[in-house]
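Per the working numbering, residue 7 is the first one in the sequence shown, and the count goes up by one each step. In this text, a Cβ means the ideal position worked out from N, Cα and C, and glycines have one as well.
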Amino acid sequence: MNSLFLQAILTFNIEQPAGFAARDIETWPSPSELDKIEVVSILTQINREWSGECDGERVYLRERLKKCLDHVDISVRNKGLLEVLNPGCGTGRLLVDAALEGVAVCGSDISIHMMLVANYMLNGGLQMHEWEIYPFVHAFSHWQNRECQLRAVKVPNLNLCNILSKYGRMEMGYVSFVNGYGPNVGIRYSSEYKFNPDIEVSRAAAKNKFDFVVTNFFLDTGSNMLSYLQTIQHCLKPGGIWLNYGPLLYHFKSEDETEAVFDISIPGGEIINQHGEVPMSGLELSVEDIVRIATQRLGFTILEREDGIVSGYGSPLGNNGLPGYKCHYWAMQLSQ
Ligand SMILES: C[S@@+](CC[C@H](N)C(=O)[O-])C[C@H]1O[C@@H](n2cnc3c(N)ncnc32)[C@H](O)[C@@H]1O
7 MNSLFLQAIL TFNIEQPAGF AARDIETWPS PSELDKIEVV SILTQINREW
57 SGECDGERVY LRERLKKCLD HVDISVRNKG LLEVLNPGCG TGRLLVDAAL
107 EGVAVCGSDI SIHMMLVANY MLNGGLQMHE WEIYPFVHAF SHWQNRECQL
157 RAVKVPNLNL CNILSKYGRM EMGYVSFVNG YGPNVGIRYS SEYKFNPDIE
207 VSRAAAKNKF DFVVTNFFLD TGSNMLSYLQ TIQHCLKPGG IWLNYGPLLY
257 HFKSEDETEA VFDISIPGGE IINQHGEVPM SGLELSVEDI VRIATQRLGF
307 TILEREDGIV SGYGSPLGNN GLPGYKCHYW AMQLSQ
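Put into structure tokens, the structure is as follows:
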């Protein structure tokens, strides 16, 4: 069933490629070992985002987002005009949940695997429980018994086909958060931050564009937290709200890789200063560091904050003996 499901995703993307260049899939090179690992882990991701079993993981942020959206003064602002950005949106579930609240929502992700799945889930006209997948079949540790490992999960847990017409505006971009939405100054040219005239225009267009930025299990994916924070500040409207939920399990913490980093001139994009090879790891800020920088340097005020919220990720708590992630939640408002 897993391979039939993955085949359906691929076929859909060949027949109805989205704007993020999933074209000519037949000409792509054979998958690398990393691609294969990604495909296995994406089954867990699909379970996390689209199964009823994992609703407990999603409800925490969904309820808080809904509460925030409901508190916006819609007597002066039409709710349908509210713009929400969800960077690192994975396969797009939070986009659906936000769009069902009637707001305009935009997602971005840098993983082609996520984008291919998202295109199918969001545009494939899926009925509720159309697919039965086996997300744990490739995981061999911690099981109480074999039935747990071989358990089937039905996805999606809502009728995407019928609710499509009720969506607010929804779009998704295959772009790194900093690259697509960051400021045109102050961030160095690196693997995360490129320069070309089109990107320069799109970053300028992102300035003060969004009423909400929602980071969900995303903050710890970056190698430079300061770039993420500057990008959130740049693309929020004055008075806009940043909702964050997730752990700080830094993805680059054990890497000894370095990358070339440059200053560039804006406009023009010429390299004006070369900083040589800079470590990818090393900016793994604590939660207090992040909150302090946001509030003392970037003009945010804390509206709500909770720490130590335990959550699973694609695997219900207690199911496999793992304690889960210790998550942080906050809502912060950018100064007017
Ligand atoms: C842990 S997953 C979270 C996915 C989804 N938000 C969720 O909660 O299920 C992190 C996501 O961020 C994406 N990502 C990592 N770095 C990114 C970047 N610089 N810009 C945009 N997306 C990024 C990954 O591809 C992945 O889909």
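When the beta-carbon positions are compared, Y234 and L225 come within less than 8 Å of each other. Here E55 is buried, its C-beta having at least 16 other C-beta atoms within 10 Å.
Rounded to whole angstroms, F258 and Y195 show a C-alpha spacing of 18 Å.
Residue environment: S36 is assigned as exposed (fewer than 16 neighbouring CB atoms within 10 Å of its CB, all protein chains considered). Contact check for I52 and I139: beta-carbon distance about 7 Å, within the 8 Å limit, so the pair qualifies. Note on N151: under 16 other CB atoms within 10 angstroms of its CB, so exposed under the neighbour-count rule. The nearest non-hydrogen atom of ligand 1 is less than 7 Å from the C-beta of R54.
When C-alpha distances from G305 are compared across E283, N279 and M338, the shortest belongs to M338. Positions of the alpha helix (DSSP H) runs, each at least 4 residues long and wholly inside the stretch 179-207, are given as 183-187 in order along the chain. In the three-state scheme derived from DSSP, where H, G and I count as helix and E and B as strand, Y331 is classed as strand. In this structure, DSSP gives I116 a state outside helix and strand, which the three-state scheme calls coil. Just so you know, the alpha carbons of W149 and G318 end up roughly 16 Å apart.
The three-state secondary structure of A210, taken from DSSP, is helix.
Rounded to the nearest whole angstrom, the C-alpha separation of P273 and E32 is 38 Å. Closest by C-alpha distance to H240, out of V78, N185 and T264, is N185. Excluding the 5 residues flanking it on each side, A104 has same chain C-beta neighbours closer than 6 Å at V90 and V111, in chain order. Sorting R175, Y199 and L49 by C-alpha distance to the C-alpha of G108 places R175 at the top. Look at the beta carbons and you see the stretch 65-81 not touching the stretch 199-206: under three pairs across the two are nearer than 8 Å. Counting every other CB atom within 10 Å of its CB across the protein chains shown gives T237 a total of 16 or more, marking it as buried. Looking at the DSSP output, F268 bridges to Y195 and Q280.
Taking 7 Å as the cut-off, the C-beta of M120 counts as close to a heavy atom of ligand 1. In the three-state reduction of the DSSP assignment, T17 falls in the helix class, which pools H, G and I.
Per DSSP, the continuous beta strand (DSSP E) segment holding V220 begins and ends at F216 to N222. Taking the CA atoms as reference points, F218 sits about 5 Å from I247. Contact check for I15 against Y126 passes: the beta carbons are separated by less than 8 Å. Per DSSP, the beta bridge partners of K160 are E138. Check the Cα spacing between C333 and each of V293, I299 and R303: the tightest is with V293.
In this structure, N222 has its CB closer than 7 Å to one or more heavy atoms of ligand 1. For the stretch 221-257, the continuous beta strand (DSSP E) assignments of 3+ residues that do not extend past its boundaries occur at 242-252, in sequence order. Nearest to R99 by alpha-carbon distance, out of S117, N222 and V46, is N222. Listed as beta-bridge partners of S47 by DSSP are no residues whatsoever. Between the C-alpha atoms of V159 and H281 there is a straight-line separation of about 49 Å.
By the CB criterion at 8 Å, E283 and E265 fall inside the cutoff.
If you ignore the 5 residues before and after L88, its C-beta comes within less than 6 Å of the C-beta of V109 and D217, all in its own chain and listed in chain order.
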